[in-house]
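K.L.:
Starting off with a structure, shown below.
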């Protein structure tokens with residue numbers, strides 16, 4: 001489970017409740033948890049499309065649980081040192097230097113079953129930086145997770161990161177627990193914290209093709225959803241930047257396109273994502289990616305939208321039709337020509353300074369693989 005625990009030891013949380021790695025998710029199938037995993041019918045109208053998803057703000061029907069008993073099964077093996085050698089950012093740590101009375105004024109104690117000292121220990125990280133909130137999500141115990149969220153004295157306690165710089169919201173997204181994602185959001189968990197690959201929770205949801213999770217993250221939190229919190233929350237924390245790029249220079253739309261996740265692309269564009277945004281390394285738009293790798297399905301979807309710049313150029317001046325031509329994708333070239341792409345770049349003379357050799361095409365190509373053929377190494381090292 002590379003997204004969550006590549007450096008894991010032998011504690012209970014490392015065992016079989018999570019499945020083997022798969023190329024398209026890094027976590028494996030989690031259908032046994034019972035979350036939606038189907039595809040969308042793109043011929044439906046916008047209102048029908050929206051009705052596909054359940055109301056993300058509706059309350060969860062979680063039964064009661066003996067929280068103390070559950071927590072005893074997820075023992076923290078040792079105190080976290082708070083160190084991370086990624087060289088990117090420092091983990092977000094909960095400050096435990098204050099006295100218990102400062103952290104928990106008696107009138108704000110949220111549970112008669114836990115002392116303030118016990119609550120502090122629940123949110124203390126282990127040697128991997130995971131606290132009990134992280135662990136309950138990893139184990140797929142939403143009823144435990146909901147109660148732990150309710151114990152937090154402040155929203156900052158929900159943003160503690162582990163050694164991979166993952167917050168509980170990151171892990172809830174990766175494990176596709178939409179109810180937990182929504183509860184964390186309504187409790188004030190930050191939606192823009194980056195993990196060690198520079199991915200926000202939304203980046204991860206788009207990369208994995210979890211359209212239901214993307215819908216949950218994009219939908220604004222309603223005021224009534226925050227009333228169960230014992231602290232005030234600013235609406236500013238719910239704002240998502242759809243153009244944010246990870247450390248590979250990829251936006252959420254690029255990640256969705258690379259994975260061939262049309263349903264996610266449709267959601268992002270519906271909520272204002274820029275279809276012509278260039279990725280940070282070579283300046284490719286999603287149309288460049290589809291043309292270069294010969295993905296006709298993605299390409300037809302993109303050229304059907306009038307806002308698409310069909311002649312967008314990379315930093316090296318390459319258009320989508322030139323990339324398709326250089327990769328010998330004749331059907332892609334024809335499709336682009338049928339939608340008005342300029343063919344002037346295809347008539348370059350052999351002795352032109354602008355002529356593009358096969359070697360130059362390879363050098364210009366990004367560190368991406370064809371749609372549907374991403375090897376495990378690239379999934380782990382390139383996309384987090």
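Numbering (full-length UniProt numbering), first residue to last: 1 to 384. Note that CB positions come from ideal geometry on N, CA and C, so glycine has one too.
(1) For the putative contact between residue 122 and residue 148, defined by C-beta atoms under 8 Å, what is the C-beta separation to the nearest angstrom?
(2) Nearest to residue 135 by alpha carbon, out of 117, 169, 154?
(3) Return the chain-ordered list of same chain residues with a C-beta closer than 6 Å to the C-beta of residue 266, the five sequence neighbours on each side being excluded.
(4) Candidates 158, 274, 185: which alpha carbon is nearest residue 252's?
(5) Relative to the alpha-carbon of residue 264, which residue among 214, 316, 156 has its alpha-carbon at the smallest distance?
(6) Measuring CA to CA, which of 262, 278, 268 is closest to residue 248?
(7) CA-CA distance, residue 164 and residue 201?
(8) Residue ranges of each beta strand (DSSP E) run of no fewer than 3 residues wholly in the stretch 125–183, ordered along the chain?
(9) Take residue 329 and list the residues in its own chain whose beta-carbon comes closer than 6 Å to its own, dropping the five residues that flank it on each side.
(10) Can you check whether the CB of residue 286 is closer than 8 Å to the CB of residue 254?
(11) Which ranges does the alpha helix (DSSP H) cover as unbroken runs of at least 4 residues, wholly within the UniProt repeat "ANK" (248–280), from first to last along the chain?
(12) Quick one: residues in its chain with C-beta nearer than 7 Å to the C-beta of residue 41, no 5 flanking neighbours on either side, listed in chain order?
(13) In angstroms with no decimal places, state the Cα-to-Cα distance between residue 126 and residue 212.
(14) Starting from residue 292, trace the alpha helix (DSSP H) both ways and give me its first and last residue.
(15) Where does residue 245 fall in DSSP's three states?
(16) Starting from residue 118, follow the alpha helix (DSSP H) in both directions and report where the run begins and ends.
(17) In angstroms, rounded to a whole number, what distance separates the CA positions of residue 209 and residue 256?
(18) Roughly how many angstroms separate the alpha carbons of residue 183 and residue 144, rounded to a whole number?
(19) Once the 5 residues before and after residue 272 are set aside, which same chain residues still bring their CB inside 8 Å of it?
(20) Is residue 300 helix, strand or coil by DSSP?
P.N.:
Well, looking at it:
(1) Sequence index remark: in the chain shown, residue 122 carries index 122 (1-based). Sequence index remark: in the chain shown, residue 148 carries index 148 (1-based). With a contact defined as Cβ atoms closer than 8 Å, residue 122 and residue 148 qualify at about 6 Å.
(2) The sequence position of residue 135 within the chain shown is 135, counting from 1. Residue 169 is the option with its Cα nearest to residue 135.
(3) Mapped onto the chain shown, residue 266 falls at position 266. The answer is none, since no qualifying residue turns up.
(4) Translated into the one-based positions of the chain shown, residue 252 becomes position 252. Per the C-alpha coordinates, the member of 158, 274, 185 positioned closest to residue 252 is 274.
(5) In the chain shown, the residue the question calls residue 264 occupies position 264. Nearest C-alpha to residue 264: 214.
(6) For the purposes of this step, residue 248 is taken as the residue at position 248 of the chain shown. Taking only the C-alpha atoms, the option nearest residue 248 is 278.
(7) Residue mapping note: residue 164 aligns to position 164 of the chain shown, counting from 1. Residue mapping note: residue 201 aligns to position 201 of the chain shown, counting from 1. Their backbone Cα atoms lie some 13 Å apart in a straight line.
(8) The qualifying runs do not exist here; there are none.
(9) As a position in the chain shown, residue 329 is number 329, starting the count at 1. 294, listed in sequence order.
(10) Along the chain shown, read from residue 1 onward, the residue named residue 254 stands at position 254. Along the chain shown, read from residue 1 onward, the residue named residue 286 stands at position 286. Cβ atoms of residue 254 and residue 286: closer than 8 Å.
(11) 252–258, 262–270, all fully within the UniProt repeat "ANK" (248–280).
(12) Stepping through the chain shown from its first residue, residue 41 is reached at position 41. Annotation note: pLDDT 34 at residue 41 (below 50); position unreliable, coordinate value reported separately. Correct list: empty, nothing qualifies.
(13) Here residue 126 refers to the residue found at position 126 when the chain shown is read from its first residue. Here residue 212 refers to the residue found at position 212 when the chain shown is read from its first residue. Distance between the alpha carbons of residue 126 and residue 212 is about 31 Å.
(14) Taking the chain shown and counting its residues from 1, the one referred to as residue 292 is at position 292. Judged by DSSP secondary structure, residue 292 falls within the alpha helix (DSSP H) whose first and last residues are 286–293.
(15) Position 245 of the chain shown holds residue 245. If DSSP states are grouped into helix, strand and coil, residue 245 belongs with coil.
(16) The sequence position of residue 118 within the chain shown is 118, counting from 1. Per DSSP, residue 118 belongs to the alpha helix (DSSP H) from 116–122.
(17) Taking the chain shown and counting its residues from 1, one reaches residue 209 at position 209. Taking the chain shown and counting its residues from 1, one reaches residue 256 at position 256. So the alpha carbons of these two residues sit roughly 6 Å apart.
(18) Here residue 183 corresponds to residue number 183 of the chain shown, with the count starting at 1. Here residue 144 corresponds to residue number 144 of the chain shown, with the count starting at 1. The alpha-carbon atoms of residue 183 and residue 144 are separated by roughly 12 Å.
(19) Along the chain shown, one-based indexing puts residue 272 at 272. The residues 242, in chain order, have a CB closer than 8 Å to that of residue 272 in the same chain once the five nearest residues on each side in sequence are set aside.
(20) Counting from 1 along the chain shown, the entry for residue 300 is found at position 300. Helix at residue 300.
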